[in-house]
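What follows is a short report on a single structure.
Protein chains: 2
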Amino acid sequence: MIGLGLIGGSVLRGAKAAGRTVWGATASKEDADKARAEGFDVVTVEEALHRSAEALVVLAVPLPALPDLLRKVPAGTRLTDVTSVKGPVHDAVHRYAPEVRFVGGHPMAGTSRSGWGAGSATLFEGAAWVVTPEEADDHLNDVMRLALDLKAHVVPTTPEEHDEAVARISHLPHLLAAVLAAVGAGGGPLALALAAGSFGDGTRVAGSRPELVRAMCEGNRDALLMAVDDALGRLGAARGSLASTGGLQKTIDAGHEGRNALVSQPQRSAVSIDLSKPGALAALRNLGSRGGRVVGLNGSTATAETS
Amino acid sequence: MIGLGLIGGSVLRGAKAAGRTVWGATASKEDADKARAEGFDVVTVEEALHRSAEALVVLAVPLPALPDLLRKVPAGTRLTDVTSVKGPVHDAVHRYAPEVRFVGGHPMAGTSRSGWGAGSATLFEGAAWVVTPEEADDHLNDVMRLALDLKAHVVPTTPEEHDEAVARISHLPHLLAAVLAAVGAGGGPLALALAAGSFGDGTRVAGSRPELVRAMCEGNRDALLMAVDDALGRLGAARGSLASTGGLQKTIDAGHEGRNALVSQPQRSAVSIDLSKPGALAALRNLGSRGGRVVGLNGSTATAETS
Chain A
0 MIGLGLIGGS VLRGAKAAGR TVWGATASKE DADKARAEGF DVVTVEEALH
50 RSAEALVVLA VPLPALPDLL RKVPAGTRLT DVTSVKGPVH DAVHRYAPEV
100 RFVGGHPMAG TSRSGWGAGS ATLFEGAAWV VTPEEADDHL NDVMRLALDL
150 KAHVVPTTPE EHDEAVARIS HLPHLLAAVL AAVGAGGGPL ALALAAGSFG
200 DGTRVAGSRP ELVRAMCEGN RDALLMAVDD ALGRLGAARG SLASTGGLQK
250 TIDAGHEGRN ALVSQPQRSA VSIDLSKPGA LAALRNLGSR GGRVVGLNGS
300 TATAETS
Chain B
0 MIGLGLIGGS VLRGAKAAGR TVWGATASKE DADKARAEGF DVVTVEEALH
50 RSAEALVVLA VPLPALPDLL RKVPAGTRLT DVTSVKGPVH DAVHRYAPEV
100 RFVGGHPMAG TSRSGWGAGS ATLFEGAAWV VTPEEADDHL NDVMRLALDL
150 KAHVVPTTPE EHDEAVARIS HLPHLLAAVL AAVGAGGGPL ALALAAGSFG
200 DGTRVAGSRP ELVRAMCEGN RDALLMAVDD ALGRLGAARG SLASTGGLQK
250 TIDAGHEGRN ALVSQPQRSA VSIDLSKPGA LAALRNLGSR GGRVVGLNGS
300 TATAETS
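Those protein sequence lines, which keep their order, are chains A and B. Residue 179 in numbering that gives the first Met the number 0 is what sits at position 180 of the first sequence, and the numbering runs on without skipping anything. Residue 136 in numbering that gives the first Met the number 0 is what sits at position 137 of the second sequence, and the numbering runs on without skipping anything.
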């Protein structure tokens, strides 16, 4: 485990709790000291990378730190990551460490606190863990097994589809919360004194640490721009309709349908995917695109739920 | 009490629980039957309006129903309302019932369910109850006493300031939630499968009944247009900054400050306002503008909290 913040520290704890042999490395002396105090094996980045050719190396460092780190990864290393954006990470791996074996990863877990102290072995229980494999092989199976050991379910997709999806359901919500909080506060003390449920809910994530929100949103620039343009188009259309006819039916109805689609997701049924057969990669990606997920792995047979 | 839906029904129950003599009227046979079954005195609108010249008449009907109703209100009646917009209500009163004594009102309580069955005597406990008096007199005191009997605190302001404030902290949040829900659902099953806290929080109120959200937002058209323009300007600026420099610092920092202003509102100190003195109306409005509120009324002395 390289990087022992909220996510890295939680993976390290959870993997140890699942019975794995683990060791970690971090540039943060504070996180290293805390992890050692809890009995974890913390070594230098070089030692972490070279200790065992059999190890699965997990990168949990901010995007800007990746190029320097990737240059140090030995050829043939089995690598994954837990960064919140996938296209730029795949690009960096292809550029700086083309000889490693890589499957991208992104556990969808909270980010409002940070550092080793904020983590826990159970952070990923019940969460979606996105994987972005470029082929279906034993390395992918190992990465999925790690996620399943941490009691997450696995959502396979491509880097592009992942980045577009999280722009819509994670990065745009943060941006709209910031805009709403600023407009509300612009109404002065009276507006804030009258604020109740809808404003409280709509601005909650604006309370997150600004530098973390920026890193997340700015790191997914291209996909976020598309999501922002979609939102600007819809909000502009609502504005035009309100100003001309006075009506907001199209906007409000579309929002209501979208919310219903979230809260009443269709029933899932169980399927098996044989990962040793040709077409397994396409089958996995297709599963993810349809809102499905891998919930178990027995040899090379994935147990999945699809809708 | 004219109108026995969520708000009107809750006022009727709460006023009775506070020891008042109450009666109600409604155009909804369903609400009338339910209220009668619980032992309430339900009469025709005409009887409700004419039964006692001493009564405080509370209108809890949708905005479009106001003109017809106001034409029936006898001159000299002491009137208030609980509608979510105030400028249009004051205009309607001046136009259709210029001889009544009127103080506008708006209790800031939930609207996601509706009808008599959704109400309760305790709906307004701890809530802000906006009043929009045009003069400080015994009628205003009676309206404030009703709100205080229902355990709300009273926020005095003007119709214009009220409508601008609720556009920012109530109507815009509903509109942005609708836009976000539609953009998220536009990402298909994968996006919805990955949606977690930020999308859930940001879209929650898009689950409210569309016709209620529309009535609320469309009824406050002028003020909502200004709030939407503020939001469009900020979101457009964020888009421009992300596209040109890649940075979102200004947007994210402003949102974080706004959220902080909401959650860490300044400590309040107690003040008294003598409502019998000249300047009382200005003092009340000033209190509301600064985020203050009336929490008690003893004779003509208001106990208030200001920040």
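Using N, Cα and C, we set each Cβ at its ideal position, and we do this for glycine too.
Query: Helix, strand or coil at B:R220 [DSSP, three-state]; Result: helix
Query: Which residues DSSP lists as bridging A:E304, in chain order; Result: A:A269 and A:R292
Query: Three-state secondary structure assigned by DSSP to A:W115; Result: helix
Query: CB contact below 8 angstroms: B:L283 versus chain A; Result: no
Query: Chain-order list of residues whose beta-carbon lies under 6 angstroms from that of A:G295 (same chain, five-residue window excluded); Result: T302
Query: Chain E residues whose Cβ lies nearer than 9 angstroms to that of B:S288; Result: Given the protein chain composition of this structure (A and B), no chain E is represented.
Query: One or two residues paired with A:F101 in a DSSP bridge; Result: A:L78
Query: Partners in chain A for B:I168, counting only beta-carbon separations shorter than 7 angstroms; Result: G183, G186, A190, L193, A194 and F198
Query: Minimum C-alpha distance to B:G298 - residue among B:A281, B:L171, B:D273 and B:G196; Result: B:D273
Query: Short-range partners of chain B found in the stretch 218-231 of chain A, where Cβ spacing is below 8 angstroms; Result: R220, L223, L224, A226, V227, D228, D229, A230 and L231
Query: Assigned exposure category for A:H93 - 16 Cβ within 10 Å defines buried; Result: exposed
Query: 8 angstroms Cβ cutoff met for A:Q248 and B:L191; Result: no
Query: Residue closest to A:H173, alpha-carbon to alpha-carbon, out of B:D162, B:H170, B:A195 and B:V154; Result: B:A195
Query: Stretch-stretch touch, CB-based, cutoff 8 angstroms, three pairs: the stretch 150-161 of chain B with the stretch 212-226 of chain A; Result: no
Query: Opening and closing residue of the alpha helix (DSSP H) in which A:P61 lies; Result: Where A:P61 is concerned, there is no enclosing alpha helix (DSSP H), given that its DSSP letter is neither H nor E.
Query: Proximity below 8 angstroms, CB of B:L193 to CB of A:S288; Result: no
Query: Classification of A:S271 by the beta-carbon crowding that lies within 10 angstroms, buried from 16 upward; Result: exposed
Query: Residues from the stretch 243-261 of chain B in contact with chain A, defined by Cβ distance under 8 angstroms; Result: G245, G246, L247, Q248, T250, I251, D252, A253, G254, H255, E256, G257, R258, N259, A260 and L261
Query: Proximal residues, the stretch 290-305 of chain B versus chain A, C-beta separation under 8 angstroms; Result: G290, G291 and R292
Query: Below-8 angstroms beta-carbon distance, A:T131 vs any chain B residue; Result: no
Query: Beta-ladder partner(s) of A:N297, from DSSP; Result: A:T300
Query: Neighbouring residues, chain A, relative to B:E160 (Cβ below 7 angstroms); Result: L189
Query: Identity of the residues DSSP links to A:G278 by a beta bridge; Result: A:G278 is not bridged to any residue.
Query: Proximity below 8 angstroms, CB of B:R258 to CB of B:E304; Result: no
Query: C-alpha distance - A:E53 paired with A:T76, whole-angstrom precision; Result: 8 angstroms
Query: Neighbourhood of A:L68 by C-beta, 8 angstroms cutoff - its chain only, sequence neighbours within 5 removed; Result: I1, V44, L58 and V60
Query: DSSP three-state assignment for A:A17, whether helix, strand or coil; Result: coil
Query: Helix, strand or coil at B:G23 [DSSP, three-state]; Result: strand
Query: Neighbouring residues, chain A, relative to B:M107 (Cβ below 8 angstroms); Result: L193 and A195
Query: B:L5 versus B:T300, B:M107 and B:T250, residue with shortest Cα-Cα distance; Result: B:M107
Query: Chain B within 8 angstroms of A:E163, Cβ atoms only; Result: yes
Query: Residues bridged to B:T131 (per DSSP); Result: B:G103
Query: Between the CA atoms of A:A91 and A:A31 - distance to the nearest angstrom; Result: 26 angstroms
Query: DSSP beta-bridge partners of A:V153; Result: A:W128 and A:V293
Query: For A:I1: DSSP bridge partner residues; Result: A:A24 and A:L58
Query: B:A166 and B:A96 closer than 8 angstroms at C-beta; Result: no
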